[in-house]
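A.B. asks: So that we are looking at the same thing, I have put the structure below in structure tokens.
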Amino acid sequence: MNIRQHITALVAAAMLLGCTSSAPGRGVYMLLDTSGTYTEHLNKAQSVVNYLLGNLTSGDSFAVARIDSGSFSEKDILMRATFDARPSVANDQKRSFKKTIDTFAGSARGASHTDITGGLLQAVEWLNEVGPGQKTVLIFSDMDEDLQKGQIRDFPLDLRGFHVVALNVTKLNKDNVDPRIYLDRLEHWKKRVEEGGGTWQVINDLERLDAIIQDT
Amino acid sequence: MPKAMMIWPGNPGLSIFVWAILAIVVMYAARIPAHQAIRGFTRVVAHTLRLAGHSLMDAQKRLALRNREVLLASGQELTERQIEQEFSRISTTIAKDLGTYPALHRKLSEQVASIDEDYRAATDSPPDPPAWTSAIGMTQQLVDKSGGDKTVGRVIEALHKGFMRAHAQAMGEYRKSSRTRHRLLSHMMPFWRRTASTLASVDKTVNGIVERSNHIDKLMEQYHEISKRSDRAERMLSTSAMTQFLISGLVLTIAVLGGFINFQLIALPMSEMVGASARLGSLKVSQVAALVIIMVEITMGLFLMESLRITRLFPVIGSMQDRNRRIMMWASLVILLVLASIESSLAYMRDLLAANNAALTQSLAGIAVQQPEFHWIPAVGQMTLGFILPFALTFVAVPMESFIHSLRVVGGNALEAALRLAVFACHLAGSLIHHLGSGLINTYDLAVFLPLKVEHLVLGVTASKTRRGKVPAA
Numbered sequence: 001m002n003i004r005q006h007i008t009a010l011v012a013a014a015m016l017l018g019c020t021s022s023a024p025g026r027g028v029y030m031l032l033d034t035s036g037t038y039t040e041h042l043n044k045a046q047s048v049v050n051y052l053l054g055n056l057t058s059g060d061s062f063a064v065a066r067i068d069s070g071s072f073s074e075k076d077i078l079m080r081a082t083f084d085a086r087p088s089v090a091n092d093q094k095r096s097f098k099k100t101i102d103t104f105a106g107s108a109r110g111a112s113h114t115d116i117t118g119g120l121l122q123a124v125e126w127l128n129e130v131g132p133g134q135k136t137v138l139i140f141s142d143m144d145e146d147l148q149k150g151q152i153r154d155f156p157l158d159l160r161g162f163h164v165v166a167l168n169v170t171k172l173n174k175d176n177v178d179p180r181i182y183l184d185r186l187e188h189w190k191k192r193v194e195e196g197g198g199t200w201q202v203i204n205d206l207e208r209l210d211a212i213i214q215d216t
Numbered sequence: 001m002p003k004a005m006m007i008w009p010g011n012p013g014l015s016i017f018v019w020a021i022l023a024i025v026v027m028y029a030a031r032i033p034a035h036q037a038i039r040g041f042t043r044v045v046a047h048t049l050r051l052a053g054h055s056l057m058d059a060q061k062r063l064a065l066r067n068r069e070v071l072l073a074s075g076q077e078l079t080e081r082q083i084e085q086e087f088s089r090i091s092t093t094i095a096k097d098l099g100t101y102p103a104l105h106r107k108l109s110e111q112v113a114s115i116d117e118d119y120r121a122a123t124d125s126p127p128d129p130p131a132w133t134s135a136i137g138m139t140q141q142l143v144d145k146s147g148g149d150k151t152v153g154r155v156i157e158a159l160h161k162g163f164m165r166a167h168a169q170a171m172g173e174y175r176k177s178s179r180t181r182h183r184l185l186s187h188m189m190p191f192w193r194r195t196a197s198t199l200a201s202v203d204k205t206v207n208g209i210v211e212r213s214n215h216i217d218k219l220m221e222q223y224h225e226i227s228k229r230s231d232r233a234e235r236m237l238s239t240s241a242m243t244q245f246l247i248s249g250l251v252l253t254i255a256v257l258g259g260f261i262n263f264q265l266i267a268l269p270m271s272e273m274v275g276a277s278a279r280l281g282s283l284k285v286s287q288v289a290a291l292v293i294i295m296v297e298i299t300m301g302l303f304l305m306e307s308l309r310i311t312r313l314f315p316v317i318g319s320m321q322d323r324n325r326r327i328m329m330w331a332s333l334v335i336l337l338v339l340a341s342i343e344s345s346l347a348y349m350r351d352l353l354a355a356n357n358a359a360l361t362q363s364l365a366g367i368a369v370q371q372p373e374f375h376w377i378p379a380v381g382q383m384t385l386g387f388i389l390p391f392a393l394t395f396v397a398v399p400m401e402s403f404i405h406s407l408r409v410v411g412g413n414a415l416e417a418a419l420r421l422a423v424f425a426c427h428l429a430g431s432l433i434h435h436l437g438s439g440l441i442n443t444y445d446l447a448v449f450l451p452l453k454v455e456h457l458v459l460g461v462t463a464s465k466t467r468r469g470k471v472p473a474a
């Protein structure tokens, strides 16, 4: 083999290696509402987390955070992980994830206020940092934002490339009195997400969770 | 009807009528050029199609000739190879079984001599019993005739006893010699059996050679037919190629399914080695790695079969020196063995990973994690399969060779049939276009039948006037 053939072989190998790429994977950030009586629904949230752990694979990123009085904070992130390329290590990460969420669900206490926008901003920040191919934010809440006095959240959000899913949006007592309040609440969030460039979806039937994640 | 075309607004019927009249007038005026245009166009198209048909027919004929050459050449090569193999087998048989014929002949001669010697020694030589018997009988009569003479009686008695003793002694010796003879005869039995067995073996070998020579005769006849380039040989080879194509295609399909199972066995554990998230195009790198391992196994199998001279896909390997060929054979076998061991361990790892995944799924579903009772059975099964499949895939080389060789013939025939179909389509289309031109001209004339009729009448009147003018006055 002469020098020219060596060079040709090296170029071919480099081209082949250049074609390999790490898949960007999927990124899911789940927000859990812990305000008021909504903590009673945390067992349902556990099922959703378990479902997601069962479906996310190596290379995917997953984080779970709580929504409390001031959610725009890293402290509210309960667990986050990018699953390892080796399936066995990824399985260990999932076990650890489940354990953390189970512990949290057993000891969660209700928050006095509900800062959904802050949680959403934190989700956007984390997912942009991780950089997955598909970004999904799940909000497990009644979507009734109750901010502390002085908190500013009425500004446009940049949600380009994000898919926001509201899960288990329960009806409150006031919604029963006037259902338009419920519908207006959902419409308000839809408008806010879509104006930010994202897509919006509501899933109240947790049997239809397969619609949340698509295979990359 | 568009408003722009309405000559009388509010009366579309009249407008259409006027337009129709105008169209008929224009068409009548342009009748001859229109006819020429239609006829010219259809003639050009039909001619082009006919030319294309002829060109395709030429190509089909050339292809048929080439197919025939390829078929006969491959048939000739195959027959030569078969004859060569048959001669090689005969040579091996002669070297192995009949090469020791002188020794065998000497052994047979020794056995026959030994049998002959024993046979001679076993010849019966009985005493003369009638003389003894009559002598004993006579002494008894003399005793009776002596009439009580004691002296004579005693003498005769003594004689009688002497005879009896001698008789008993002779009979004893005769029995002894008979026993010896029987012993010798029984000693001959193994020699007979050995001789019979040796002769049967020689018979089998000779019959085998005769059968092979008959087969060689048939092959030679076939070779002769092919050399003559006869139609019979072509038909025979064509049928054989089609059969080979179908059978090898079926076996290759089975091999592909085997390869798929092999792939499934090692794709998951490969993700543990090269990662599950990296991709090469639309495939995961772990899947590509598994495919590469299977391809390498098939390649090693091909090399092994080539080195053993079972297949002849690579003439370079076939023409290697025996020593190099043997080195290549052992190298391929060792690599195959290593790959089979790797696959076996990957299959075991797959089982572990599957168990891990199942445990995680159970844990996520809130079910207590359970270990199946006979968990080791699928594990052992997968390991065995992982070890055997690479060797099974080795034999893909044999149907692959048949498939490649028969594909040349079958593919050529299929292409020839396609060309024949294209020729037919061109001729048919040319003919249709030609008749379509005549049809279009007739349709055109149908549209302008009224002015044509008028023209016909006018021409008829003019012609009759001319004829009348030419008739001389009576």
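Chains as they are written, first to last, in the working numbering: chain A, 1 to 216; chain B, 1 to 474.
Note that CB positions come from ideal geometry on N, CA and C, so glycine has one too.
Since the model is a prediction, treat every value here as computed from it, not as a measurement.
1) Going by beta carbon distance, what residues of the same chain come within less than 6 Å of Leu121(A), once the five residues before and after it are set aside?
2) In whole angstroms, what separates the C-alpha of Pro315(B) from that of Ser406(B)?
3) From the DSSP output, in three-state form, read off Met230(A) for me.
4) Quick check on the DSSP output: what are the complete beta strand (DSSP E) runs of length 3 or more inside the region 41 to 91 of chain A, in order along the chain?
5) Taking Cβ positions only, does Ser277(B) come closer than 8 Å to chain A?
6) Going residue by residue through the region 226 to 296 of chain B, where are the continuous beta strand (DSSP E) segments of at least 3 residues, counting only ones entirely within it?
7) Do the region 110 to 117 of chain A and the region 144 to 158 of chain A meet, that is, are 3 or more Cβ pairs less than 8 Å apart?
8) When you compare the CB of Leu42(A) with every CB in chain B, is at least one pair closer than 8 Å?
9) Give a yes or no on whether the minimum CB-CB distance between Arg180(A) and chain B is below 8 Å.
10) Residue range of the beta strand (DSSP E) that Thr199(A) falls in?
11) Taking just the CA atoms, how far does Ala255(B) sit from Ala267(B)?
12) Taking Ser363(B) as the query, report the chain A residues whose CB atoms sit under 8 Å from its CB, ordered along the chain.
13) Rounded to whole angstroms, what's the CA-CA distance from Ala14(A) to Ser47(A)? Just pull it up for me.
14) Can you check whether the CB of Met328(B) is closer than 8 Å to the CB of Ser341(B)?
15) With 16 other CB atoms within 10 Å as the buried threshold, where does Lys228(B) fall?
16) Under 8 Å Cβ to Cβ from Ile476(B), same chain only, skipping five residues before and after it: list those, please.
17) From Asn168(A) to Ser286(B), what does the alpha carbon distance come to, in whole angstroms?
18) Between the region 236 to 248 of chain B and the region 371 to 385 of chain B, do three or more beta carbon pairs fall short of 8 Å?
19) When you compare the CB of Asn173(A) with every CB in chain B, is at least one pair closer than 8 Å?
20) Could you pull out every residue in the same chain whose Cβ sits closer than 7 Å to the Cβ of Met400(B), ignoring the five residues on either side in sequence?
21) Against Thr57(A), what residues of chain B qualify as contacts under a CB-to-CB distance less than 9 Å, listed in chain order?
22) Look up Ser319(B) in the DSSP assignment and say whether it is helix, strand or coil.
23) Below 8 Å on the Cβ atoms is my contact criterion, and I expect Leu346(B) with Met295(B) to pass it. Report the Cβ-Cβ distance as a whole number of Å.
24) Put Leu167(A) into one of helix, strand or coil per three-state DSSP.
25) Are the region 450 to 458 of chain B and the region 20 to 29 of chain B touching, with three or more C-beta to C-beta distances below 8 Å?
26) Ignore the nearest five residues each way along the sequence and tell me which others in Ile181(A)'s own chain have a CB closer than 6 Å to its CB.
27) In whole angstroms, what is the alpha-carbon distance linking Ser438(B) and Phe41(B)?
28) Skipping 5 residues on each side, what residues in its chain have a beta carbon closer than 8 Å to that of Leu63(B)?
29) Report yes or no: is there a C-beta of chain A within less than 8 Å of the C-beta of Leu360(B)?
30) For Gly197(A), which residues in the same chain have their Cβ closer than 6 Å to its Cβ, ignoring the five residues on either side in sequence?
31) Provide the residue span of the alpha helix (DSSP H) that contains Phe140(A), from first to last.
32) Out of Ile441(B), Gly366(B), His434(B), Leu459(B), which one is the CA nearest neighbour of Leu53(A)?
33) Look up Ser35(A) in the DSSP assignment and give the residues it is bridged to.
34) Quick one: Cα of Thr311(B) to Cα of Gln321(B), how far?
35) Would you please state the rounded distance, in angstroms, between the beta carbons of Glu234(B) and Leu353(B)? I believe it to be under 8 Å.
36) Beta-carbon of Pro87(A) versus every beta-carbon of chain B: anything under 8 Å?
C.D. replies: To lay it out plainly:
1) Closer than 6 Å at Cβ, skipping near neighbours: Phe72.
2) Pro315(B) and Ser406(B) have their alpha carbons spaced roughly 18 Å apart.
3) The structure shown has nothing for residue 230(A), since chain A only spans 1 to 216.
4) Whole beta strand (DSSP E) segments, 3+ residues: 61 to 67, 77 to 82.
5) Yes, Ser277(B) counts as interfacial toward chain A.
6) Taking only runs of at least 3 residues, the beta strand (DSSP E) segments lying wholly in the region 226 to 296 of chain B are 278 to 280.
7) The answer is yes - the region 144 to 158 of chain A touches the region 110 to 117 of chain A, with three or more Cβ pairs under 8 Å.
8) So, not an interface residue.
9) Output row for Arg180(A): interface = no.
10) 199 to 203 is the span of the beta strand (DSSP E), which, as asked, contains Thr199(A).
11) If you take the alpha carbons of Ala267(B) and Ala255(B), they lie about 18 Å apart.
12) Around Ser363(B), the beta-carbon contacts reaching into chain A at under 8 Å are Arg95, Lys98.
13) Unreliable placement is indicated for Ala14(A), whose pLDDT of 49 sits below 50; the coordinate value is still reported in the next sentence. Going by the C-alpha atoms only, they are around 46 Å apart.
14) When the beta-carbon positions are compared, Ser341(B) and Met328(B) stay at least 8 Å from each other.
15) Lys228(B) counts as exposed, since fewer than 16 other beta carbons sit within 10 angstroms of its beta carbon.
16) Given that chain B is displayed from residue 1 to residue 474, the structure contains no residue 476(B) and the question cannot be resolved.
17) Ser286(B) has its alpha-carbon roughly 38 Å from the corresponding atom of Asn168(A).
18) Not touching, per the Cβ criterion.
19) Answer no: the Cβ-Cβ gap between Asn173(A) and chain B never drops below 8 Å.
20) When the five nearest sequence neighbours on each side are left out, the beta carbons in the same chain lying within less than 7 Å of the beta carbon of Met400(B) are those of Leu252, in order along the chain.
21) Per Cβ cutoff of 9 Å: Ala276, Ser277.
22) If DSSP states are grouped into helix, strand and coil, Ser319(B) belongs with coil.
23) Wrong, their Cβ atoms sit about 16 Å apart, outside the cutoff.
24) Strand at Leu167(A).
25) Three or more Cβ pairs drawn from the region 450 to 458 of chain B and the region 20 to 29 of chain B lie within less than 8 Å of each other, which places the two stretches in contact.
26) These residues qualify, in order along the chain: Lys174, Asp175.
27) Cα to Cα, the separation comes out at about 11 Å.
28) Excluding residues within five positions, the ones whose Cβ falls inside 8 Å are Gly412, Leu415, Glu416, Leu419.
29) Among the residues facing chain A, Leu360(B) is included, as its CB has a counterpart in that chain under 8 Å away.
30) Here the set comprises Leu159, Arg160.
31) For Phe140(A), no alpha helix (DSSP H) encloses it; the enclosing beta strand (DSSP E) starts and ends at 134 to 140.
32) The option with the nearest alpha carbon to Leu53(A) is Gly366(B).
33) Ser35(A) is bridged to Ala111(A).
34) Taking the straight line from one Cα to the other gives about 16 Å.
35) Incorrect: roughly 57 Å between the Cβ atoms, too far for contact.
36) Yes - at least one Cβ of chain B is within 8 Å of the one on Pro87(A).
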